[in-house]
Every structure is written in C-alpha cells, then in structure tokens.
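Trainee: Using UniProt numbering, read the sequence shown as starting at 1 and increasing by one per residue.
Sharing a structure here in structure tokens format.
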Amino acid sequence: MKENARILFIGDSITEWGRNEDPEGMGIGYVRIIHDYLMTKFPSKQLEIINKGIGGNRATDLQDRWEKDVLSLNPDYVSVSIGINDVWRQLDNPDMAQVYPEQFEEILTGLLEKTNAQLIVMEPTVIDEDVHSEGNQKLIPYVEIVRSLAKKFDAILVPTHQDFIEYLKTGTTYKLTTDGVHMNSAGNMLMATSWLKACESLLK
Numbered sequence: 001m002k003e004n005a006r007i008l009f010i011g012d013s014i015t016e017w018g019r020n021e022d023p024e025g026m027g028i029g030y031v032r033i034i035h036d037y038l039m040t041k042f043p044s045k046q047l048e049i050i051n052k053g054i055g056g057n058r059a060t061d062l063q064d065r066w067e068k069d070v071l072s073l074n075p076d077y078v079s080v081s082i083g084i085n086d087v088w089r090q091l092d093n094p095d096m097a098q099v100y101p102e103q104f105e106e107i108l109t110g111l112l113e114k115t116n117a118q119l120i121v122m123e124p125t126v127i128d129e130d131v132h133s134e135g136n137q138k139l140i141p142y143v144e145i146v147r148s149l150a151k152k153f154d155a156i157l158v159p160t161h162q163d164f165i166e167y168l169k170t171g172t173t174y175k176l177t178t179d180g181v182h183m184n185s186a187g188n189m190l191m192a193t194s195w196l197k198a199c200e201s202l203l204k
C-alpha cells in the first residue's frame with residue numbers, strides 16, 4: 001500500500017452503518033474494523049479512509065452520485081459493495097422500478113470503466129441466513145456479475161457472499177445479521193476479514 005493513500009468505501013446501509021453519527025465518519029460496521037486494522041497495522045503511513053455508504057442504495061443510486069462521491073475525491077483505492085437492495089426491493093417492494101441483472105451489470109461496468117483507481121469489488125452478502133432463501137437464490141446472478149467484472153477490470157474480488165454461504169453451510173445457529181440483511185458485530189467481522197484477506201497483496 002502506498003505511503004499516502006486514500007481508500008474509499010461506497011455502498012448501501014451495510015457500508016454506511018452508523019457513519020453519520022460517528023465523528024470520524026467511519027460508523028460501526030465493517031469499514032470501522034478495516035479502518036482500525038489499517039491504522040494500527042500501518043501507523044507510519046498516511047492513510048485516509050472515507051466511508052460513502054448510504055442506506056437503501058442500489059446500483060442506480062451509485063450511478064447518480066459516482067462523480068461527486070468517488071471521482072471528485074480522487075481516491076487511490078475504491079471498494080464497492082452493492083447489490084443487496086437491488087434484489088431485496090424485488091422481494092419487499094415489487095411494484096417499484098427494479099434493477100435486474102442486465103441493468104446492474106451495465107451500470108457497474110460504466111462506473112468501473114471511468115474510475116482511475118485500484119478497484120476492490122465485494123460480492124453482495126446475503127438476504128436471510130438460509131442458503132436456500134429466495135433472496136439468496138435471486139442474488140446468484142448479481143454475485144456472478146461482480147465476479148465477472150472483477151476479472152474484466154483486474155479488480156480485487158472480495159468473496160463476501162461465498163464466505164457467508166460457507167459459514168451458513170456449517171449449520172451453526174450463531175447469527176451474523178440483525179434481520180437477515182444488516183450485520184451484527186459478527187457479520188461485520190466476517191466482512192472485514194474477508195476484505196482484509198482478499199486485499200492481502202496490497203497490505204504490505
């Protein structure tokens with residue numbers, strides 16, 4: 001990692017997670033854990049970590065604010081976590097205009113194309129802590145799109161969905177979310193460790 005680096009996280013409420021109430025703007029989610037790890041791991045580096053998560057965001061919302069919240073800040077690293085609400089709205093608000101996989105891919109492709117930074121793309125996590133839930137089945141094409149775009153743009157892929165599914169397959173009853181989507185402290189820890197492991201090559 002560069003001696004002076006600006007690392008920007010963008011996404012929905014899972015990324016936001018209390019940042020507006022936090023004087024440092026990190027929140028209490030996975031971004032906070034990553035921030036604290038990097039600050040203590042690299043005390044001599046000048047790292048600036050920015051949380052640009054906004055609750056309820058879908059890919060269309062990122063498209064609307066990408067110039068202001070990403071490009072204008074000229075980050076060195078951009079970590080993108082999106083897709084949960086693109087699927088969740090199909091389940092809890094089916095009458096609204098939906099973001100289906102084809103549009104999701106088109107929007108993300110356009111955003112990544114215009115971003116001059118090291119890209120880090122995170123798989124959408126889970127919808128309900130059940131491998132076979134309708135939400136998790138509907139997430140599959142979105143996860144596959146993220147994986148494909150990681151290859152296309154030589155981005156670091158954070159296998160968040162895979163890691164959550166593997167956790168659920170163990171049969172443990174210990175929860176990772178408060179409501180099937182939003183993370184508790186254990187879920188945030190899993191997201192953060194997944195990110196840190198995937199970014200290991202950067203963290204030197």
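The beta carbon of each residue, even a glycine, is placed where N, CA and C say it ideally should be.
Computed from a prediction, not measured in an experiment: that's the story for all the values here.
Whole angstroms are fine: how far does the CA of residue 96 sit from the CA of residue 194?
Mentor: Using only the alpha carbons, I get a separation of about 33 Å.
Trainee: Express the C-alpha separation of residue 135 and residue 167 in angstroms, rounding to a whole number.
Mentor: So the two alpha carbons sit approximately 17 Å from each other.
Trainee: Can you tell me which of 107, 101 and 39 puts its alpha carbon nearest to the alpha carbon of residue 65?
Mentor: Out of 107, 101 and 39, 107 has the C-alpha closest to the C-alpha of residue 65.
Trainee: Is it true that the region 137-148 meets the region 178-185, where meeting means three or more beta-carbon pairs spaced less than 8 Å apart?
Mentor: No: fewer than three Cβ pairs fall under 8 Å.
Trainee: For the region 63-119, list the alpha helix (DSSP H) runs that are entirely contained and at least 4 residues long, ordered along the chain.
Mentor: Listed in chain order, the complete alpha helix (DSSP H) runs (minimum 4 residues) inside the region 63-119 are 84-92 and 101-113.
Trainee: Using only CA atoms, which one of 7, 56, 172 and 188 lies nearest to residue 79?
Mentor: Cα-wise, what sits closest to residue 79 is 7.
Trainee: As an exercise, report each continuous alpha helix (DSSP H) stretch of at least 4 residues that is fully enclosed by the region 14-48, in chain order.
Mentor: Listed in chain order, the complete alpha helix (DSSP H) runs (minimum 4 residues) inside the region 14-48 are 30-41.
Trainee: Within the region 111-198, note down every full alpha helix (DSSP H) run reaching 4 residues or more, in order along the chain.
Mentor: DSSP runs (the alpha helix (DSSP H)) wholly in the region 111-198: 134-152, 160-169 and 185-198.
Trainee: Measure the beta-carbon distance from residue 104 to residue 59 and round it to whole angstroms, keeping in mind my assumption that it falls under 8 Å.
Mentor: Indeed they touch by this definition, with Cβ atoms about 5 Å apart.
Trainee: Quick one: residues in its chain with C-beta nearer than 7 Å to the C-beta of residue 128, no 5 flanking neighbours on either side, listed in chain order?
Mentor: For residue 128, where only same-chain residues beyond five positions count, the Cβ hits under 7 Å are 135, 136 and 180.
Trainee: For residue 159, does the count of other Cβ atoms within 10 angstroms reach 16, so buried, or fall short, so exposed?
Mentor: Answer is buried; the Cβ neighbour count reaches 16.
Trainee: Does the Cβ-Cβ distance between residue 163 and residue 190 come in under 8 Å?
Mentor: For residue 163 and residue 190, yes; Cβs fall inside 8 Å.
Trainee: How about residue 10: is its C-beta nearer than 8 Å to some C-beta of chain C?
Mentor: Within the model displayed, chain C is absent; a lone protein chain is all it includes.
Trainee: Just checking residue 99 against the ligand NAP - is the residue's beta carbon closer than 7 Å to any of the ligand's heavy atoms?
Mentor: The ligand NAP is not among the ligands present in this structure, which contains no ligands whatsoever.
Trainee: Taking Cβ positions, are residue 11 and residue 57 nearer each other than 8 Å?
Mentor: In this structure, residue 57 lies closer than 8 Å to residue 11 by Cβ.
Trainee: In the DSSP assignment, the beta strand (DSSP E) including residue 8 goes from what residue to what residue?
Mentor: Per DSSP, residue 8 belongs to the beta strand (DSSP E) from 4-11.
Trainee: My assumption, with CB atoms under 8 Å, is that residue 34 sits in contact with residue 192. Please give the rounded CB distance.
Mentor: Indeed, because the Cβ distance is near 5 Å, the residues count as touching under 8 Å.
Trainee: How many whole angstroms separate the CB atoms of residue 82 and residue 62, which I take to be in contact at a CB cut-off of 8 Å?
Mentor: Right, their Cβ atoms sit about 6 Å apart.
Trainee: Cβ atoms of residue 149 and residue 112: under 8 Å apart, would you say?
Mentor: Closer than 8 Å, so yes.
Trainee: CA-CA distance, residue 117 and residue 44?
Mentor: Taking the straight line joining both Cα atoms gives about 22 Å.
Trainee: Tell me, which residues are paired with residue 51 by DSSP?
Mentor: Answer is 9, bridged to residue 51.
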